[in-house]
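Accompanying notes for the structure given below.
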Amino acid sequence: MKKYILLFTMFLASFFVVAQKDSTKAKVDSIQTKIHALKTAKDSIIAADTIRYWKKGGLIGLNFSQSSFTNWAAGGENSLSVTSLVSLFANYKKDKDSWDNTLDLAYGMLQTGAAPLRKNEDKIDFSSKYGRYAFLKHWYYTALVSFKSQFADGYNYPNDSVVISHFMAPGYLLGSLGMDYKTTDNSFSLFLSPLTWKTIFVNDQKLADAGAYGVDKAEYDSVAGVYVMVKHGATITNQFGGYLKMTFKKDIFKNVNFATKLELFSNYLKNPQNIVVNWETLIGLKVNKFLSASISTNMIYDNDIPVPVKREINGVTVDGTGPRLQFKEVLAIGFSYKF
Numbered sequence: 001m002k003k004y005i006l007l008f009t010m011f012l013a014s015f016f017v018v019a020q021k022d023s024t025k026a027k028v029d030s031i032q033t034k035i036h037a038l039k040t041a042k043d044s045i046i047a048a049d050t051i052r053y054w055k056k057g058g059l060i061g062l063n064f065s066q067s068s069f070t071n072w073a074a075g076g077e078n079s080l081s082v083t084s085l086v087s088l089f090a091n092y093k094k095d096k097d098s099w100d101n102t103l104d105l106a107y108g109m110l111q112t113g114a115a116p117l118r119k120n121e122d123k124i125d126f127s128s129k130y131g132r133y134a135f136l137k138h139w140y141y142t143a144l145v146s147f148k149s150q151f152a153d154g155y156n157y158p159n160d161s162v163v164i165s166h167f168m169a170p171g172y173l174l175g176s177l178g179m180d181y182k183t184t185d186n187s188f189s190l191f192l193s194p195l196t197w198k199t200i201f202v203n204d205q206k207l208a209d210a211g212a213y214g215v216d217k218a219e220y221d222s223v224a225g226v227y228v229m230v231k232h233g234a235t236i237t238n239q240f241g242g243y244l245k246m247t248f249k250k251d252i253f254k255n256v257n258f259a260t261k262l263e264l265f266s267n268y269l270k271n272p273q274n275i276v277v278n279w280e281t282l283i284g285l286k287v288n289k290f291l292s293a294s295i296s297t298n299m300i301y302d303n304d305i306p307v308p309v310k311r312e313i314n315g316v317t318v319d320g321t322g323p324r325l326q327f328k329e330v331l332a333i334g335f336s337y338k339f
């Protein structure tokens, strides 16, 4: 009898031990599950906290311009142009730090009459600006980097056999240190830099030999009465000077947006009085979610970029080149999507 009682007691003891182990394991699993859930929630909070300091967006557009003439007594040529554009931005703002990034891309083609296709728009424009709060609420110590170039070859129209530009010919890389004044909503910015390094690339030896876009041109010497090239033109040139960049972008009326950007650069090392000017303006009108109209202008003056000009010498008109104010205006209707 005692033997059976002892066996029964041992069975009950082992049962409770197993039950206790199962209970302990269940509690440990529950705690681990809660820890994992807390870690996941923490990661989500950190990610959300980081994202909320960023403001991102952009615009994708496809613009058209077309004219057609049939038995038109006054004359005229049929034409069609198509321009695609992408404009992106990503701005970061937290405490005393700000970081603004923009990328503008555009490319367009034009067909006029029986003439071959030619481009009427070609742009790569990237800018990144980091600022650290300085004083008086709106002023920041700022470093800026920008890059500009184009996608495809450009020709000396109507002569489409002479290439006058292509990707990285020219290309402009700029680095600046200075002060930036900007409004709280980032609609206006005025960046002033007395310390700016500008590098000009002309990745085409023929253009470089001609001294295009401000690089040092090829050197020649007379050998037996014949001029011979003794040194190729430079494909890269560096400039050091002062730089100003002003931007403004705001809805001036309902569904009407006005944006402008002005850039000025003076090369301290050579002819500082010849200020490089690049001024872009865009007025955008939103018809509905996808349909839009716009008018844009671009004014450029660069003493290092000669354009075709005609001069009169002793009563004779002579073709030549020289620096001139360049101006472009485009009125377009098309499709756009803003995000």
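According to our numbering, the sequence shown holds residues 1 to 339 in order.
From the three backbone atoms N, C-alpha and C, an ideal C-beta is built for every residue, glycine too.
Using a 10 angstroms sphere on the CB of V230, the tally of other CB atoms stays under 16, which defines it as exposed. By alpha-carbon distance to P158, the top candidate from Y337, I313, P308, F339 is P308. Taken through DSSP and simplified to helix, strand or coil, Q273 comes out as coil. From the listed residues A115, Y172, G76, W54, the smallest Cα separation to D100 is found for W54. Annotation note: the stretch 220-307 contains no uninterrupted alpha helix (DSSP H) run of length 4 or greater.
Taking all protein chains in view, the Cβ of Q150 is crowded by 16 or more other Cβ atoms within 10 Å, so the residue is classified as buried. Judged by DSSP in its simplified three-state form, Q111 adopts strand.
For L136, no alpha helix (DSSP H) encloses it, and the DSSP letter there is neither H nor E.
The shortest CA-to-CA distance from A134 to any of S98, D153, L207, T102 is the one to S98. In summary, G214 is buried, with 16 or more beta-carbon neighbours lying within 10 Å of its beta-carbon over all protein chains present. With fewer than 16 neighbouring CB atoms inside 10 Å of its own CB, Q32 falls in the exposed class.
Less than 8 Å separates the beta-carbon of G178 from that of S193. Leaving aside the five residues that flank T247 on each side, the residues in its chain whose CB is nearer than 6 Å to its CB run, in chain order, S189, K261.
Of all C-beta pairs linking the stretch 167-187 to the stretch 195-207, three or more are shorter than 8 Å, placing the two stretches in contact.
Going by DSSP, L59 is part of no alpha helix (DSSP H) but of the beta strand (DSSP E) stretching over 54-67. DSSP places T33 within a helical segment (H, G or I) once states are collapsed to three. Bounds of the alpha helix (DSSP H) holding A208 are 205-209. With 16 or more other CB atoms across the displayed protein chains lying within 10 angstroms of its CB, L85 is buried. Across the structure, M299 and N278 are spaced so that their CA atoms are roughly 6 Å apart. Contact annotation, F290 with Y268: C-beta distance approximately 48 Å; criterion of less than 8 Å not satisfied. The beta-bridge partner set that DSSP reports for F89 consists of G57, T102.
In this structure, M109 lies near K119, with their beta-carbon atoms less than 8 Å apart. Taking the Cβ atoms as the reference, S79 lies roughly 7 Å from Q111, within the contact range of under 8 Å.
Counting along the chain, the unbroken beta strand (DSSP E) around S336 starts and ends at 326-338.
Per DSSP, the unbroken beta strand (DSSP E) holding S193 starts and ends at 188-201. Looking at the backbone, the Cα of F126 and that of A293 are separated by about 24 Å.
A buried status is given to Y140, since no fewer than 16 other beta-carbon atoms sit within 10 Å of its beta-carbon.
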